[in-house]
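See below for the structure under consideration.
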Amino acid sequence: MQLDATDRRLLRLLQREGRISNAELAERIALSPSACHRRMQRLETDGYIAGYVALVDARRIGKPTTVFVEITLNGQSDEILDAFEKAVARIPDLLECHLMAGNADFLLKLVAEDTEDFARIHRQYLSRLPHVAQMHSSFALRTVVKTTALDI
Numbered sequence: 000m001q002l003d004a005t006d007r008r009l010l011r012l013l014q015r016e017g018r019i020s021n022a023e024l025a026e027r028i029a030l031s032p033s034a035c036h037r038r039m040q041r042l043e044t045d046g047y048i049a050g051y052v053a054l055v056d057a058r059r060i061g062k063p064t065t066v067f068v069e070i071t072l073n074g075q076s077d078e079i080l081d082a083f084e085k086a087v088a089r090i091p092d093l094l095e096c097h098l099m100a101g102n103a104d105f106l107l108k109l110v111a112e113d114t115e116d117f118a119r120i121h122r123q124y125l126s127r128l129p130h131v132a133q134m135h136s137s138f139a140l141r142t143v144v145k146t147t148a149l150d151i
């Protein structure tokens, strides 16, 4: 399915105002509420809308420290990658894990209360990950740009 201009306006608006009512959304993109609802259902069914979430402010819940961890494994076999990916998915403070091209095999994004809390996460989880050859951690000093909205 191709996205038309109305679909794009709908998706852009939803990314900025996820709690907007169907009636308000329909009015703002110049559709009837029933036509807007049908488009929303189609966009969900076709996978353009992957889900709905509330974005929680990490600072407000006491986890203001963002840490990026580059991990290099000691091999690239399917068994090694699978074992690592299963284990890393169990880390509670993990926000993202990406298989990378380049120097590191994986890039992780975690949140922590502070450096001591990150040391706990490192001891309890990161140091126990299977097949890790090298690990480098970097602390974010300040977030300059942060968005979940895609350019549509």
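For the sequence shown, the tail end lands on 151 under numbering that gives the first Met the number 0, and the numbers increase by one without skipping. No residue lacks a Cβ here, since even glycine has one placed at the ideal position from N, Cα and C.
Using only the alpha-carbon positions, how far apart do residue i and residue j sit?
i	j	result
serine 137	leucine 107	10 Å
arginine 89	serine 31	44 Å
aspartate 92	alanine 111	7 Å
histidine 130	valine 55	33 Å
aspartate 116	leucine 94	15 Å
asparagine 73	glutamate 23	53 Å
glutamine 75	valine 144	33 Å
Of all the options the options, which has the alpha carbon lying nearest to the alpha carbon of residue i?
i	options	result
leucine 109	Pro129, Ile120 and Leu9	Ile120
leucine 9	Val144, Met0, Leu42 and Gln1	Leu42
arginine 37	Arg18, Leu149, Ile60 and Thr5	Thr5
leucine 80	Asp45, Val68 and His97	His97
alanine 49	Gly17, Gln123 and Ile70	Gly17
Among all the DSSP beta bridges, which residues are the ones paired with residue i?
i	result
isoleucine 70	Phe105 and Met134
threonine 64	Ala111
Would you call residue i buried or exposed, if buried means 16 or more other Cβ atoms sit within 10 Å of its Cβ?
i	result
valine 66	buried
leucine 103	What sits at residue 103 in the sequence shown is alanine, not leucine. Counting Cβ neighbours within 10 Å, alanine 103 comes out buried, since at least 16 surround it.
methionine 39	buried
alanine 25	buried
isoleucine 28	buried
isoleucine 60	exposed
Would you verify that the beta carbon of residue i is, or is not, closer than 8 Å to some beta carbon of chain C?
i	result
threonine 142	The chain labelled as chain C is not found in the depicted structure, where only one protein chain is given.
Inside the stretch 84-123 only - alpha helix (DSSP H) runs reaching at least 4 residues: 114-123
Alpha helix (DSSP H) segments (min. 4 residues) lying fully within the stretch 23-47: 32-44
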